[in-house]
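Q: Submitted below is the structure of interest, expressed as structure tokens.
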Amino acid sequence: MNRDLPIPAVISAIRPLTVDTSLVTLNTEPHHPVASSFLPGQFLELSLPGAGEFPVSYCGFPSVDGSIELCIRHIGHVTGPLRTAVPGDAAAVRGPFGHGFPLLAYVGQDLLLIAGGLGIAPLRSLLLALLAQRELWGRLTLLYGARETGALLFTDELLELQNRGMVELQLTVDHLEHCFDGPPYCRVALLPVLLDQLDLEPDRTCAAICGPPVVYPLLVSRLRQLGLSDDRIHLSLERRMKCGVGRCGHCAVGTRLCCVDGPVFSLAELAGIEGALG
Amino acid sequence: MAPQYIANHNLPLLLERLRRYAELHGPVRGEDGVVRFAAIAPGTLPDLSALRTLLPPKKYLLHPQETILNYTAAAGYQLQAEDVRSLILFGLHPCDLAGINYLDRVFLGDAPDPLYAARRATLTLIGISCTPDEFCSCHILPSPLNALSDLFLCSVDEGLIVTSGSPRGDELLDGVKDLLEEWEGAVPEDSRRFFGHAEAEQVRPEPDATLPEWQEFASHCLGCGACSLCCPTCYCFDVLEFCGLDSCSAERVRQWDNCLFKSHAEVAGGTNFRKERAERFLYRYRHKYRGFGPLQGVPSCVGCGRCRVVCPAGLDLRPLAERLEGRPL
Ligand SMILES: Cc1cc2nc3c(=O)[nH]c(=O)nc-3n(C[C@H](O)[C@H](O)[C@H](O)COP(=O)(O)OP(=O)(O)OC[C@H]3O[C@@H](n4cnc5c(N)ncnc54)[C@H](O)[C@@H]3O)c2cc1C
Ligand code: SF4
Ligand code: SF4
Ligand code: FES
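Shown next, in the form of structure tokens:
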């Protein structure tokens, strides 16, 4: 695999999820590692020819047929034009890159997934991986918050899993829009508040977190209050990334590189690094 | 075997011989008085008395702006192919050799960068000893002392002791052996340095981000980026894509970037992970004195002194580094 050369991919579907976010399905070479062998939390570099390239987390499950699911917010000069792409349009991919969530260390543990906003993308991938081998883990809990109900993603899918007893789901929004009722189980509260009523066994629970940096400090301090040690808390960090392979110098967190050593770090690894949580 | 020696008066002949192997570049003083790495014109000598060039030799390996990929609808993305010419860099000081060695560790690791690797493979490095001035800190850092080259020239009275550091160096030495004499005099204890000592690389605790010095530096720094531009181990690059006029081809370009620029840590949506100049200063510090990623614990500063010479605000990180690293710098 040449890590510098994007291989061709075709956009096979684009499904708008909210006003600014879509679920993009790509197709690339069958059996290529970029689609078939990644850990949840790892990322790939997606190119839109003529526009550029950006890092994006895997949102789905590894596939041997070359298909890749990504959840993309259209906010920049590459992700923006992607909004108007149509099935059949050309793209290109390189990856997988970085370190994902430590699935091996999770065996036998209760798992607490905490997603804020678009952070649901890598955590959906993690959830799918956990459900695929459900017997390996203890309790599965997902806390998921967004700004408003219209910004909650994959709610149908998540509620379905909740109804089938596969996952304990708690949804929350910062505020309710005027004319909407939230989906069932949805509260109006900031994400860290969901931790207040959680009963968990800190010695057998691991937390996997992805969200906007603003929620990290509060989430972390609540989890510590609940008795979770720093090596049981894993966070996915975002940074500006221009290469994905440890060369462009943009993504250091302390002296670790987010693209190579991360983007998933344990809290213990981030100890003492000013500004690590954002 | 006694050390090999070339008398100063044979230097022009040596250069003419080297020219048969490859294009010859070295420190050349321009009409503007500035010393740069450039082609050494036949019949002229490089400026071996100049302590430092404006830009370090990294420009040969990472161009200020360069195409890395080309896209066409038919072929998809393709790596940029380049006709690389063989080049001999003559007269590299130990700090600049160490700078190239550091870049090698970043760009030639497990998965080499294609353009860098192609250029590096055709580069022959000929180092030369020098005497540090007050801006240098090479003599205290381990990397210049251990820097690798194909040939190394150590100044002694009336000439240069020549040692080979690679098969390529052996080949060159063999080709010029009629110009060499046996050196009878004393050999400086360390052929690269007239003084100084090496220290082992080690991992140190995170620098204290609350020190007032970060703010102090930030309040004087103009954010011009000159210090990174001229640093032999600053390799940050930004990546841009340009769409062809036919709108079905494109070119992807990388260009030198700079961690003291505010945009360096900005992501889409407006979040900036290093909004404050003091944070950006700490970032630079970490890279220079601690190293990033796989090179954690390997300081990237090779002590060339360029950043101190060019800084319009006269900033010098050494006093702070001496305290935080617990050793003289
Ligand atoms: C590990 C990781 C995982 C991620 N996962 C996801 C995900 O699953 N889904 C998702 O939607 N996002 C994800 N992101 C974020 C995503 O990478 C960014 O939203 C994306 O880079 C935006 O790219 P863009 O080119 O569209 O934005 P840009 O327009 O490049 O915006 C980025 C910054 O570049 C600057 N900029 C603007 N125009 C230009 C220009 N012409 N040239 C240079 N710079 C410019 C802007 O100031 C802006 O702050 C992830 C990021 C990381 C690091
Ligand atoms: S930090 Fe300054 S002294 Fe050190 S290598 Fe870079 S330019 Fe030279
Ligand atoms: S050269 Fe001096 S003023 Fe310019 S960015 Fe560097 S430290 Fe700041
Ligand atoms: S993204 Fe380039 S070094 Fe991490």
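Listed in order, the protein sequences are those of chains A and B. The numbering used here puts the first residue of the first sequence at 572, with every later residue one more than the last. The numbering used here puts the first residue of the second sequence at 738, with every later residue one more than the last. Think of the CB as a built atom: it goes at the ideal place given N, C-alpha and C, for glycine as much as any other residue.
(1) For R793/A, collect the residues of the same chain with a Cβ closer than 6 Å to its Cβ; drop the 5 residues on either side in sequence, then sort them by chain order.
(2) CB of R793/A to nearest heavy atom of ligand 2: below 7 Å?
(3) How would the residue list near ligand 3 read, in chain order, if you kept each one whose beta-carbon is closer than 6 Å to any heavy atom?
(4) Just verifying my parser: in three-state terms, what is the DSSP assignment at Q768/A?
(5) Shorter than 7 Å, the distance from the beta carbon of T589/A to the closest heavy atom of ligand 2, or not?
(6) If we count the other Cβ atoms within 10 Å of its Cβ and call it buried at 16 or more, is R929/B buried or exposed?
(7) When we look at the beta-carbon of N838/B and count the other beta-carbons within 10 Å, is it buried (16 or more) or exposed?
(8) Pull up the DSSP beta-bridge partners for F827/B, would you.
(9) Which residue from T589/A, R818/A, I691/A puts its Cα closest to that of I646/A?
(10) At a cut-off of 7 Å, would you count K1025/B as near ligand 2, judging by its Cβ distance to the nearest heavy atom?
(11) Can you tell me the Cα-Cα spacing of I643/A and T720/A, whole angstroms?
(12) Which ranges would you report for the alpha helix (DSSP H) in the segment 611-696 of chain A if only whole runs of at least 4 residues count?
(13) Does any residue of chain B bring its CB to less than 8 Å from the CB of I691/A?
(14) Say whether chain A places a C-beta atom closer than 8 Å to the C-beta of F954/B.
(15) Which value, in whole angstroms, describes the spacing of the CA atoms of A818/B and F625/A?
(16) Select from A1050/B, E1062/B, C1041/B the residue whose C-alpha is nearest the C-alpha of E871/B.
(17) Any Cβ of chain A within less than 8 Å of the Cβ of L752/B?
(18) What is the DSSP secondary structure of F609/A, counted as helix, strand or coil?
(19) Hey, does S807/A have any beta-carbon neighbour from chain B nearer than 8 Å?
(20) Excluding five sequence neighbours on each side, which residues of the same chain lie with their C-beta closer than 8 Å to the C-beta of R1023/B?
(21) What's the C-alpha gap between F974/B and T790/B?
(22) So, using beta-carbon positions, are P783/A and L808/A closer together than 8 Å?
(23) Rounded to whole angstroms, what is the Cα-Cα separation between A1002/B and G825/A?
(24) Could you give the distance in angstroms between the alpha-carbon of G933/B and the alpha-carbon of I877/B?
(25) Would you report the Cα separation of A810/B and S628/A, rounded to the nearest angstrom?
(26) Along the chain, where does the alpha helix (DSSP H) that runs through A963/B open and close?
(27) Which chain B residues are close to I816/A, counting only those with a beta carbon under 8 Å from its beta carbon?
(28) Between L724/A and the rest of its own chain, which residues show a CB-CB distance below 6 Å, the 5 nearest in sequence each way excluded?
(29) I need the straight-line Cα distance from A987/B to R1060/B, nearest angstrom please.
(30) Would you say the beta carbon of A847/A is closer than 7 Å to some non-hydrogen atom of ligand 1?
(31) Any heavy atom of ligand 1 closer than 7 Å to the beta-carbon of F954/B?
(32) Which residues does DSSP pair with V578/A in a beta bridge?
(33) Cβ of F998/B less than 8 Å from any chain A Cβ?
(34) Counting only Cβ-Cβ distances shorter than 7 Å, please list the residues of the segment 584-617 of chain A near chain B, keeping chain order.
(35) Tell me whether V899/B sits in a helix, a strand or coil according to DSSP, three-state version.
(36) So is D850/B buried or exposed if we call it buried at 16+ other beta carbons inside 10 Å?
A: For this structure:
(1) Residue mapping note: residue 793/A aligns to position 222 of the first sequence, counting from 1. The residues are P763, L766.
(2) What you label residue 793/A is simply residue 222 of the first sequence in a count that begins at 1. No, the Cβ of R793/A stays beyond 7 Å of every heavy atom of ligand 2.
(3) C958/B, L959/B, G960/B, C961/B, G962/B, A963/B, C964/B, L997/B, V1047/B, C1048/B, P1049/B, A1050/B, L1052/B
(4) Residue numbering aside, residue 768/A sits at position 197 when the first sequence is read from its first letter. If DSSP states are grouped into helix, strand and coil, Q768/A belongs with coil.
(5) For the purposes of this step, residue 589/A is identified with residue 18 of the first sequence, where counting begins at 1. Look at T589/A: its beta carbon is at least 7 Å from all of the heavy atoms in ligand 2.
(6) Translated into the one-based positions of the second sequence, residue 929/B becomes position 192. Its pLDDT being 49, under 50, R929/B is placed unreliably in this model, and the coordinates cannot settle the point.
(7) Translated into the one-based positions of the second sequence, residue 838/B becomes position 101. Label assigned to N838/B: buried.
(8) Counting from 1 along the second sequence, the entry for residue 827/B is found at position 90. According to DSSP, F827/B bridges with I863/B.
(9) For the purposes of this step, residue 646/A is identified with residue 75 of the first sequence, where counting begins at 1. I646/A has its Cα closest to that of T589/A, out of T589/A, R818/A, I691/A.
(10) Position 288 of the second sequence, counting from 1, holds the residue named residue 1025/B. Yes - ligand 2 has a heavy atom lying nearer than 7 Å to the Cβ of K1025/B.
(11) Stepping through the first sequence from its first residue, residue 643/A is reached at position 72. Stepping through the first sequence from its first residue, residue 720/A is reached at position 149. Near 18 Å, if we compare the C-alpha coordinates of T720/A and I643/A.
(12) Complete alpha helix (DSSP H) runs here, min 4: 650-653, 674-677.
(13) Here residue 691/A refers to the residue found at position 120 of the first sequence. With 8 Å as the cut-off, I691/A does not count as an interface residue toward chain B.
(14) Taking the first residue of the second sequence as 1, we reach residue 954/B at position 217. Judged by the 8 Å Cβ criterion, F954/B is not in contact with chain A.
(15) To locate residue 818/B, count along the second sequence from 1; it is residue 81. To locate residue 625/A, count along the first sequence from 1; it is residue 54. Rounded to the nearest angstrom, the gap between the Cα atoms of A818/B and F625/A is 23 Å.
(16) One-based indexing of the second sequence puts residue 871/B at position 134. If we check each option's Cα against that of E871/B, C1041/B comes out closest.
(17) The residue you call residue 752/B lines up with position 15 of the second sequence. Taking Cβ atoms only, chain A never reaches closer than 8 Å to L752/B, which makes this a no.
(18) As a first step, residue 609/A is located in the first sequence; it is residue number 38 there, counting from the start. Secondary structure at F609/A: coil, using DSSP grouped into helix, strand and coil.
(19) Reading the first sequence from its first residue, position 236 is the one you call residue 807/A. Not an interface residue.
(20) Residue mapping note: residue 1023/B aligns to position 286 of the second sequence, counting from 1. P944, F1029.
(21) Looking up residue 974/B in the second sequence gives position 237. Looking up residue 790/B in the second sequence gives position 53. F974/B and T790/B: Cα-Cα distance of roughly 22 Å.
(22) Working through the first sequence from its first residue, we reach residue 783/A at position 212. Working through the first sequence from its first residue, we reach residue 808/A at position 237. Not closer than 8 Å, so no.
(23) On the second sequence, residue 1002/B is found 265 positions in, with the first residue counted as 1. On the first sequence, residue 825/A is found 254 positions in, with the first residue counted as 1. Cα-Cα distance, rounded: 13 Å.
(24) Translated into positions along the second sequence, residue 933/B becomes position 196. Translated into positions along the second sequence, residue 877/B becomes position 140. Its pLDDT being 49, under 50, G933/B is placed unreliably in this model, and the value from its coordinates should be taken loosely. If I take the Cα positions, the gap works out to 6 Å.
(25) Along the second sequence, one-based indexing puts residue 810/B at 73. Along the first sequence, one-based indexing puts residue 628/A at 57. Cα to Cα, the separation comes out at about 26 Å.
(26) Numbered from its first residue, the second sequence carries residue 963/B at position 226. Element bounds for A963/B: 963-966.
(27) Taking the first sequence and counting its residues from 1, the one referred to as residue 816/A is at position 245. According to the sequence as given, residue 816/A is Val; it is not Ile. Near V816/A (Cβ distances below 8 Å), the residues of chain B are A848.
(28) On the first sequence, residue 724/A is found 153 positions in, with the first residue counted as 1. L588, I691, listed in sequence order.
(29) As a working note, residue 987/B is residue 250 in the second sequence. As a working note, residue 1060/B is residue 323 in the second sequence. Cα-Cα distance, rounded: 49 Å.
(30) Looking up residue 847/A in the first sequence gives position 276. A847/A Cβ: outside cutoff for every heavy atom of ligand 1.
(31) Numbered from its first residue, the second sequence carries residue 954/B at position 217. Checking the Cβ of F954/B against ligand 1 gives no.
(32) The sequence position of residue 578/A within the first sequence is 7, counting from 1. Note that residue 578/A is Ile in the sequence shown here, rather than Val. Answer by DSSP bridge pairing, in chain order: V664/A.
(33) Counting from one through the second sequence, the residue named residue 998/B turns up at place 261. False, the Cβ-Cβ gap to chain A never drops below 8 Å.
(34) none
(35) For the purposes of this step, residue 899/B is taken as the residue at position 162 of the second sequence. Three-state result, V899/B: strand.
(36) The residue given as residue 850/B occupies position 113 in the second sequence. It is buried - the Cβ of D850/B has at least 16 other Cβ atoms within 10 Å.
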